[in-house]
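Undergrad: Got a structure here, written out as structure tokens. Questions coming.
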Ligand code: ADP
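Residue numbers (my numbering): 1382 to 1820.
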């Protein structure tokens, strides 16, 4: 490192002389005046010598105490603070900086040779090699084109591309040329990629959801307007037909209301998904209340419902939402599993996968059961094994989606076991309230 000999920590004679520079003429004039006064007898030589010594001492003290006037270079300032000297940003340093970035980043020189890239970039473009031409390694035509344009125009470029194998993924590429830097007088080109896949998936899901919801609403709406037309036209004076049509219309209107109700519940639960419900809910009386509420349906379907409590449990939760969960499960068992003539509900205590204490409520029916391929998709919105049957039962296809969302909010889980001809068991697992000391 360069170091000015005149600005050391311990100034030597030449440095001292340099520091005295601003006062040199004053000192010289004072010494000359004292010498003349002594020579002409106006001042005693001893007094003149003492005065000269005093002037020199003051000048020296001032020079030593004065801080260095010349501004230090940035590197020297860093030195004073005890840090390492700044070096030009070399390629190694660039690699170190981008290594920790979460998104894929590739740095190219103006000839499009690879200067640096980070591990996420290698995952997207495994053919990347330091020092080699990037346009060969980047097998994405849209990105290659964007790099070419950035190099030619010296302006930032943006491109989108997708991969089909092994799974669909979408990316956005930004290509930004930099100003000249040390070691790369023509500047560098920074290529960053952003994974748009999660965003796209959410967009697709939202579009699917709106399409499904509209379709579900349109079907009863079409039925309603069809019957209105018939009642205004051909069936105008047919009292018997009118009664029958009005009953159907009422049912269709009820179906629309149920659908809207479920949609609103879903969005409300999603909105509060991050807030964990805290109110203590005693599950045994809650289950009995749900079963009492569904007694009419059970009788209509000639199904016997039993509730067995092997161990009572209180869980932190939202009472209304938990009622909704068990209503949905018991209602499904009564609707789809009625042929089994029995529905058994058991409340027990068990250990969760992480060893935590859980309350488990299983709702078991002895109906036709569900084929394995449907099980993972049952909690998707609007997914039904048999659309016709679900509609005939007044189902919206949103029941189990609601159950899943409510349980997520409660940090719980839903287990589904079933096989064709063997009935179905839906088990709700909920973390229990931390046991009080007396428990
Ligand atoms: P739905 O409003 O159609 O009942 P759900 O989300 O509650 O919607 O259920 C989704 C589908 O899962 C139902 O349409 C039905 O095909 C199937 N299902 C749910 N519970 C049972 C069960 N206990 N036995 C057989 N199939 C069931």
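No residue lacks a Cβ here, since even glycine has one placed at the ideal position from N, Cα and C. Here the structure is a predicted model, which is why all the values come from computation and not from measurement.
Apart from the five residues on each side of it in sequence, which residues of its chain come closer than 7 Å, Cβ to Cβ, to residue 1497?
TA: For the purposes of this step, residue 1497 is taken as the residue at position 116 of the chain shown. If we look at residue 1497 and ignore the five residues flanking it on each side, its Cβ neighbours are 1472, 1475, 1476, 1479, 1488.
Undergrad: Straight-line CA distance for residue 1500 to residue 1532?
TA: Mapped onto the chain shown, residue 1500 falls at position 119. Mapped onto the chain shown, residue 1532 falls at position 151. Approximately 24 Å, taken between the alpha carbons.
Undergrad: Taking 8 Å as the cut-off, does the region 1791–1802 touch the region 1748–1759 (at least 3 CB pairs, one atom from each stretch)?
TA: Enough Cβ pairs lie closer than 8 Å, so yes.
Undergrad: Write down every uninterrupted run of the alpha helix (DSSP H) in the region 1483–1544 whose length is 4 residues or greater and which is fully enclosed by it, in chain order.
TA: For the region 1483–1544, whole alpha helix (DSSP H) runs of length 4 or above, ordered along the chain, are 1500–1505, 1515–1518, 1522–1534.
Undergrad: Please list the terminal residues of the continuous alpha helix (DSSP H) segment that includes residue 1648.
TA: One-based indexing of the chain shown puts residue 1648 at position 267. Per DSSP, residue 1648 belongs to the alpha helix (DSSP H) from 1620–1652.
Undergrad: State buried or exposed for residue 1586, treating a residue as buried only when at least 16 other CB atoms are found within 10 Å of its CB.
TA: Within the chain shown, the letter at position 205 stands for residue 1586. With fewer than 16 other Cβ atoms within 10 Å, it is exposed.
Undergrad: Taking the alpha carbon of residue 1649 as the point to measure from, which residue in 1618, 1783, 1530, 1813 has its own alpha carbon closest?
TA: Against the chain shown, residue 1649 aligns to sequence position 268. Of 1618, 1783, 1530, 1813, the residue nearest in Cα terms is 1783.
Undergrad: So, for residue 1775: in the same chain, excluding its five sequence neighbours on each side, which residues have a beta-carbon less than 8 Å away from its beta-carbon?
TA: Position 394 of the chain shown holds residue 1775. The answer, listed in chain order, is 1632, 1635, 1636, 1639.
Undergrad: Which of the three DSSP states, helix, strand or coil, is assigned to residue 1740?
TA: Against the chain shown, residue 1740 aligns to sequence position 359. Reduced to three states, the DSSP call for residue 1740 is strand.
Undergrad: Is it buried or exposed for residue 1698, if we count other Cβ within 10 angstroms and need 16 for buried?
TA: One-based indexing of the chain shown puts residue 1698 at position 317. By the neighbour-count rule (16 or more Cβ atoms within 10 Å), residue 1698 is buried.
Undergrad: Using 8 Å as the threshold, is the C-beta distance between residue 1745 and residue 1724 below it?
TA: Taking the first residue of the chain shown as position 1, residue 1745 is located at position 364. Taking the first residue of the chain shown as position 1, residue 1724 is located at position 343. Taking 8 Å as the Cβ cut-off, residue 1745 and residue 1724 qualify as a contacting pair.
Undergrad: State the DSSP-derived secondary structure class of residue 1687, mapped to helix, strand or coil.
TA: Position 306 of the chain shown, counting from 1, holds the residue named residue 1687. Strand, per DSSP.
Undergrad: Could you give the distance in angstroms between the alpha-carbon of residue 1322 and the alpha-carbon of residue 1711?
TA: Absent from the model: residue 1322. The displayed extent of the chain is 1382 to 1820, so no value can be given.
Undergrad: Use the C-beta contact count for residue 1685: other C-beta atoms within 10 angstroms, 16 or more gives buried, fewer gives exposed.
TA: As a working mapping, residue 1685 is identified with position 304 in the chain shown. With fewer than 16 other Cβ atoms within 10 Å, it is exposed.
Undergrad: Between the alpha carbons of residue 1781 and residue 1793, how many angstroms are there, rounded?
TA: As a position in the chain shown, residue 1781 is number 400, starting the count at 1. As a position in the chain shown, residue 1793 is number 412, starting the count at 1. If I take the Cα positions, the gap works out to 14 Å.
Undergrad: What does the alpha-carbon distance come out to for the pair residue 1603 and residue 1528?
TA: Walking along the chain shown from the start, residue 1603 turns up at place 222. Walking along the chain shown from the start, residue 1528 turns up at place 147. Each residue's alpha carbon lies about 54 Å from the other.
Undergrad: Write down every uninterrupted run of the beta strand (DSSP E) in the region 1551–1608 whose length is 3 residues or greater and which is fully enclosed by it, in chain order.
TA: Here the runs fully enclosed are 1569–1576.
Undergrad: Should residue 1578 be listed as close to the ligand NAD, given that the test is whether its C-beta is under 7 Å from any heavy atom?
TA: In terms of ligand content, the structure shown lacks the ligand NAD and carries the ligand ADP instead.
Undergrad: What did DSSP end up calling residue 1329 once you bin it into helix, strand or coil?
TA: Residue 1329 is absent from the structure shown; the chain starts at 1382 and stops at 1820.
Undergrad: Mind checking who residue 1798 pairs with in its DSSP beta bridge?
TA: Translated into positions along the chain shown, residue 1798 becomes position 417. Answer is 1806.
Undergrad: Measuring alpha carbon to alpha carbon, tell me which residue in 1670, 1676, 1732, 1549 is nearest residue 1706.
TA: Position 325 of the chain shown, counted from the first residue, corresponds to residue 1706. Of the listed residues, the one whose Cα sits closest to residue 1706 is 1670.
Undergrad: Taking 7 Å as the cut-off, is the CB of residue 1479 close to at least one heavy atom of the ligand ADP?
TA: As a position in the chain shown, residue 1479 is number 98, starting the count at 1. Incorrect: residue 1479 has no Cβ contact closer than 7 Å to the ligand ADP.
Undergrad: Return yes when at least one heavy atom of the ligand ADP lies under 7 Å from the C-beta of residue 1771, else no.
TA: Start at 1 with the first residue of the chain shown, and residue 1771 comes out as number 390. Indeed, a heavy atom of the ligand ADP lies less than 7 Å from the Cβ.
Undergrad: From the DSSP output, read off the bridge partner residues of residue 1679.
TA: As a working note, residue 1679 is residue 298 in the chain shown. Its beta-bridge partners do not exist; DSSP assigns none.
Undergrad: Can you check whether the CB of residue 1703 is closer than 8 Å to the CB of residue 1662?
TA: Indexing the chain shown from 1 puts residue 1662 at position 281. Indexing the chain shown from 1 puts residue 1703 at position 322. Yes, the pair counts as a contact, with Cβ atoms nearer than the cut-off.
Undergrad: Could you tell me if the beta carbon of residue 1779 falls within a distance shorter than 7 Å of some heavy atom in the ligand ADP?
TA: Position 398 of the chain shown, counted from the start, is the residue given in the question as residue 1779. Yes, the Cβ of residue 1779 comes within 7 Å of a heavy atom of the ligand ADP.
Undergrad: Excluding the 5 residues preceding and the 5 following residue 1561 in the sequence, name in chain order all residues of the same chain whose CB lies nearer than 8 Å to its CB.
TA: Within the chain shown, numbered from 1, the residue matching residue 1561 stands at position 180. Here the set comprises 1567, 1568.
Undergrad: Report yes if the C-beta distance between residue 1484 and residue 1582 is below 8 Å; otherwise report no.
TA: What you label residue 1484 is simply residue 103 of the chain shown in a count that begins at 1. What you label residue 1582 is simply residue 201 of the chain shown in a count that begins at 1. No, they are not a contact pair.
Undergrad: Cα separation between residue 1765 and residue 1772?
TA: Here residue 1765 refers to the residue found at position 384 when the chain shown is read from its first residue. Here residue 1772 refers to the residue found at position 391 when the chain shown is read from its first residue. Rounded to the nearest angstrom, the two C-alpha atoms are 10 Å apart.
Undergrad: Straight-line CA distance for residue 1495 to residue 1502?
TA: Along the chain shown, one-based indexing puts residue 1495 at 114. Along the chain shown, one-based indexing puts residue 1502 at 121. Residue 1495 and residue 1502: Cα-Cα distance of roughly 12 Å.
Undergrad: Is residue 1821 near the ligand ADP, going by C-beta to nearest heavy atom under 7 Å?
TA: Since the first residue shown for the chain is 1382 and the last is 1820, residue 1821 is missing from the structure and cannot be characterised.
Undergrad: For residue 1643, count neighbouring Cβ atoms within 10 angstroms of its own Cβ and tell me buried if that reaches 16, exposed if not.
TA: Taking the first residue of the chain shown as position 1, residue 1643 is located at position 262. Its Cβ being crowded by 16 or more others within 10 Å, residue 1643 is buried.
Undergrad: Please state whether DSSP places residue 1477 in a helix, a strand or coil.
TA: What you label residue 1477 is simply residue 96 of the chain shown in a count that begins at 1. Correct three-state label for residue 1477: helix.
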